[in-house]
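Heads up, the thing below is written out as structure tokens.
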Amino acid sequence: MTNLAGVPYYILEFGDELVYFTPYTITLFLLALTFTIFVLISMPERQVDIAFGGDAYTTKVISVSEMRFRRFMAIACGLASMGAMVTGDIFNFTLFTAMVGITNVGIVAAVKSPHVQNAAYQYGLVALSATVPLFGGAAIYAAATGSLSMIELAKGALPAVPFVAKAFLVLGVIGEGMAPFYAAKAEMFRAPGAPYVIMCSLSSLLIFLRVIEVVMLG
Amino acid sequence: MIAQLILATLTGLLLLGIHRKVIARIQRRPGPPVWQEILHMLKFSFKSTWIPATASTVLFRGVVLVAIGIWTAAFFVMLTGGSLLVIFGIYMLHKIVEHGFGLSSGSPYGKFGGVRSVISAASEIPLFVSVAAIAIFTRSFDISDIVAYQQVHGPLMFIAFPAAVAMYIVILSKMPFGPFSIVESKELVSGYKTEHFGIWRAGLEVCNGLKTTVLLATFLMVFVGQLPILWLGAGMLLLVVSLSFACALTPMLSPFDSVTVQTLVTGLMLCYGAVLFIGVRA
Numbered sequence: 000m001t002n003l004a005g006v007p008y009y010i011l012e013f014g015d016e017l018v019y020f021t022p023y024t025i026t027l028f029l030l031a032l033t034f035t036i037f038v039l040i041s042m043p044e045r046q047v048d049i050a051f052g053g054d055a056y057t058t059k060v061i062s063v064s065e066m067r068f069r070r071f072m073a074i075a076c077g078l079a080s081m082g083a084m085v086t087g088d089i090f091n092f093t094l095f096t097a098m099v100g101i102t103n104v105g106i107v108a109a110v111k112s113p114h115v116q117n118a119a120y121q122y123g124l125v126a127l128s129a130t131v132p133l134f135g136g137a138a139i140y141a142a143a144t145g146s147l148s149m150i151e152l153a154k155g156a157l158p159a160v161p162f163v164a165k166a167f168l169v170l171g172v173i174g175e176g177m178a179p180f181y182a183a184k185a186e187m188f189r190a191p192g193a194p195y196v197i198m199c200s201l202s203s204l205l206i207f208l209r210v211i212e213v214v215m216l217g
Numbered sequence: 000m001i002a003q004l005i006l007a008t009l010t011g012l013l014l015l016g017i018h019r020k021v022i023a024r025i026q027r028r029p030g031p032p033v034w035q036e037i038l039h040m041l042k043f044s045f046k047s048t049w050i051p052a053t054a055s056t057v058l059f060r061g062v063v064l065v066a067i068g069i070w071t072a073a074f075f076v077m078l079t080g081g082s083l084l085v086i087f088g089i090y091m092l093h094k095i096v097e098h099g100f101g102l103s104s105g106s107p108y109g110k111f112g113g114v115r116s117v118i119s120a121a122s123e124i125p126l127f128v129s130v131a132a133i134a135i136f137t138r139s140f141d142i143s144d145i146v147a148y149q150q151v152h153g154p155l156m157f158i159a160f161p162a163a164v165a166m167y168i169v170i171l172s173k174m175p176f177g178p179f180s181i182v183e184s185k186e187l188v189s190g191y192k193t194e195h196f197g198i199w200r201a202g203l204e205v206c207n208g209l210k211t212t213v214l215l216a217t218f219l220m221v222f223v224g225q226l227p228i229l230w231l232g233a234g235m236l237l238l239v240v241s242l243s244f245a246c247a248l249t250p251m252l253s254p255f256d257s258v259t260v261q262t263l264v265t266g267l268m269l270c271y272g273a274v275l276f277i278g279v280r281a
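One line per chain: the protein sequences are A and B, in this order. Mapping of the first sequence onto numbering that gives the first Met the number 0: position 5 corresponds to residue 4, and the numbering continues sequentially without gaps. Mapping of the second sequence onto numbering that gives the first Met the number 0: position 263 corresponds to residue 262, and the numbering continues sequentially without gaps.
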């Protein structure tokens, strides 16, 4: 497969770096943008917890300082996701993916719950390990083809990309929060603050959807 | 275009009503009338709307609009013969909608519905392998190219049978009252949609109608080919009835078992994809 996911509507060049918009990347970009705007303008919910064995229930309230930090991390996550959706450079894609992993930990790290912090720590270790195959994959792309440009790879004129490079790239992305490594991440969703927590699952799904297009090239 | 959208929504809701009716008849219950889901949508449109005091108001409302928006986009991508990859992406992003519905209210029932939606993410990977297998045969992700390929080579249902089975299971996992419907099981009241009432619930019903139409019609276009409208309708009806049988005769799995079964299907599909890929390389 040598086609990008659709004909690019627009290509924005920054020297040898470029950003392009196809129907597929625009769809993903708009989703990331929409949820980032939600993060910007919405207040967190007050999560209700039921005390088992009785009729009592409690609501969790997020403090202003915690909300500010988590909102900042969620916006950073949204920006990194948007970057990963439209970049036409494989190295930039891996950088944005790694940034998504870091911001995902940040979104829940401020929550004062041992369950959530434990899950965030475990997820952080997996995400950290996943960056090795992620950047390794990008390095093999560059070594084998002499280019990291997705547009050039899509033309089909470069040497074929080794299977191991694609496998490393997918493994790296999976480690950032897809099955089966999402188990730790699912525990992170215990955290209150829906507009911020949702960015964790959205960013992982978006990155996974984009890497599918990336590995089809070359 | 608006007329097509309304027709697609009503068709999807009618099919969901037939789904409920068939399940009821199999279980020897009278069941609701087949237009019950359409009545639900209309009823919720005119009922009083309220938002829980604990909710994140913007997300609570916004996620409904996102749900309708993404499935409207998927519908037009399907109509115009656009990229199957976009429909696949939208299908996966529906998880985020369920997650958003569940978390935004602050309700524990909604939250667990949303979390269950996220943990069943393995169910989407067979769809990816299915899409990749189709692309290996047709050398394109565009539905128009896939339809053209089938006019020459015959239905992909026979050429890539495991891919068709995988996509069928994916659709089954999104049908209400099915073995994988853990996101809205009764111990969670209505799961992720527990707290959405009034116009917001009507919006969710519209989304469900559109989603049903898009998934069933895409399945037929991708695995059977371009059909006249009446045959397309008959094919969708046949698919729904077969799905209803599967839902009526299978108990709802526990969340752990649901994920395990979906992971097994994923493993089998990955093996099938690898065999196809190696075959192409050889």
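Even for Gly, the Cβ is constructed at its ideal location relative to N, Cα and C. Remember, predicted model here, so these are calculated numbers, not experimental data.
For a cutoff of 8 Å on Cβ pairs, would you count residue i as touching chain B?
i: residue 121 of chain A; result: no
i: residue 67 of chain A; result: no
i: residue 70 of chain A; result: no
i: residue 200 of chain A; result: yes
i: residue 193 of chain A; result: yes
i: residue 49 of chain A; result: yes
i: residue 147 of chain A; result: no
Quick check on this structure: which residue in the options has the alpha carbon closest to the alpha carbon of residue i?
i: residue 148 of chain B; options: B/156, B/157, B/141 and B/137; result: B/137
i: residue 48 of chain A; options: A/206, A/194, A/190 and A/81; result: A/190
i: residue 130 of chain A; options: A/201, A/169 and A/195; result: A/169
i: residue 162 of chain A; options: A/214, A/208, A/203 and A/119; result: A/214
i: residue 86 of chain A; options: A/12, A/164 and A/192; result: A/12
i: residue 68 of chain B; options: B/92, B/53 and B/80; result: B/92
i: residue 89 of chain A; options: A/138, A/195, A/30 and A/7; result: A/138
i: residue 243 of chain B; options: B/267, B/178 and B/85; result: B/178
i: residue 215 of chain B; options: B/7, B/145, B/132 and B/0; result: B/7
i: residue 23 of chain A; options: B/104, B/192 and B/90; result: B/90
i: residue 66 of chain A; options: A/28, A/110, A/37 and A/75; result: A/110
i: residue 173 of chain A; options: A/73, A/93 and A/61; result: A/93
i: residue 37 of chain A; options: A/114, A/97, A/120 and A/71; result: A/71
i: residue 208 of chain B; options: B/9, B/258 and B/153; result: B/9
For residue i, list the residues DSSP reports as bridge partners.
i: residue 94 of chain B; result: Bridge partners of residue 94 of chain B: none, in fact.
i: residue 49 of chain A; result: A/56
i: residue 86 of chain A; result: A/18
i: residue 11 of chain A; result: A/18
i: residue 148 of chain A; result: A/88
i: residue 141 of chain B; result: B/82
Could you check if residue i is buried or exposed, using at least 16 other CB atoms within 10 Å of its CB as the buried criterion?
i: residue 283 of chain B; result: Only positions 0 to 281 of chain B appear in this structure, which leaves residue 283 of chain B out of reach.
i: residue 84 of chain A; result: buried
i: residue 237 of chain B; result: exposed
i: residue 127 of chain B; result: buried
i: residue 165 of chain B; result: buried
i: residue 46 of chain B; result: exposed
i: residue 195 of chain B; result: buried
Using a beta-carbon distance below 8 Å, is residue i in contact with chain A?
i: residue 254 of chain B; result: no
i: residue 98 of chain B; result: yes
i: residue 110 of chain B; result: yes
i: residue 14 of chain B; result: no
i: residue 223 of chain B; result: no
i: residue 129 of chain B; result: no
i: residue 173 of chain B; result: no
i: residue 209 of chain B; result: no
i: residue 58 of chain B; result: yes
i: residue 1 of chain B; result: no
i: residue 71 of chain B; result: no
Using 8 Å as the limit for Cβ to Cβ distance, is residue i near chain C?
i: residue 46 of chain A; result: Structure shown: chain C not included; protein chains present are A and B.
Which class does residue i belong to by DSSP, given the choice of helix, strand or coil?
i: residue 82 of chain B; result: strand
i: residue 265 of chain B; result: helix
i: residue 26 of chain B; result: coil
i: residue 171 of chain A; result: helix
i: residue 257 of chain B; result: helix
i: residue 197 of chain B; result: helix
i: residue 102 of chain A; result: helix
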